[in-house]
Structure formats: structure tokens, C-alpha cells
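So the structure is just underneath, and the comments pick up after that.
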Amino acid sequence: MRIPCPHCGARDAQEFTYLGDANPKRPEGMETTEAAMFDYVYQRDNPAGRLRELWYHGAGCHAWLVVTRDTRTHAIEAAEPAKPTKAGAAA
Numbered sequence: 002m003r004i005p006c007p008h009c010g011a012r013d014a015q016e017f018t019y020l021g022d023a024n025p026k027r028p029e030g031m032e033t034t035e036a037a038m039f040d041y042v043y044q045r046d047n048p049a050g051r052l053r054e055l056w057y058h059g060a061g062c063h064a065w066l067v068v069t070r071d072t073r074t075h076a077i078e079a080a081e082p083a084k085p086t087k088a089g090a091a092a
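Going by our numbering, the sequence shown opens with residue 2, and the numbers climb by one from there.
Following this line, the structure appears as C-alpha cells:
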């Protein structure tokens, strides 16, 4: 599988580290329950089909990417930086 890094171009998946689903949001604050943290850390869906995933380009630009991929076919629809570039930052 080749991942289209927006900074480096198409690269082999072996250059990347997979983190998982890009959609879960970390519970906020110290008042968060233990059950909510457990669900955030351990309870993940494993859908067949289109999924937004976090990948780290450790052997390249060291950027975190959000890759939209079909988990049945591994076809990649899009890859974008996980965080938007700040205004005025060097590209």
C-alpha cells in the first residue's frame, strides 16, 4: 500500500506507523469518569468500509496524517495533515 504524503509524495506504508481511528475525541478535564477514559482508550469500532485513520510518517517528514481509506480494499481516498498549518509558518 502506498500512502500519498502531502509533504513527501507517495510513499510505502512501511515508512508509516498506524495509530487508529482519527475520530475519537479525548474526554476533557480531571472530572472525566474512569469509565469514559476506559472507553476512549480501549473501546474502538472496527468498521468495514471508509475510515479516517491517523498515520505517523516516521521515516519521512515526521508529520501526523489523517488518511481516509477503505478498510476492505485498502484504497486511499485522501491524505491530509492532522493539524492545519499555522498562518505564516514555513511550508
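All residues carry an ideal CB built from backbone N, CA and C; glycine is no exception.
- Residues of the same chain with a CB within less than 6 Å of the CB of E78, apart from the 5 flanking positions on each side, are T69 in chain order.
- A contact is defined here as three or more CB-CB pairs under 8 Å, and the stretch 50-62 meets this definition with respect to the stretch 10-18.
- In the displayed model, E16 falls within a helix according to three-state DSSP.
- Assignment of D40 by DSSP, reduced to helix, strand and coil, places it in the helix class.
- DSSP places E54 in the strand class (E or B) of the three-state scheme.
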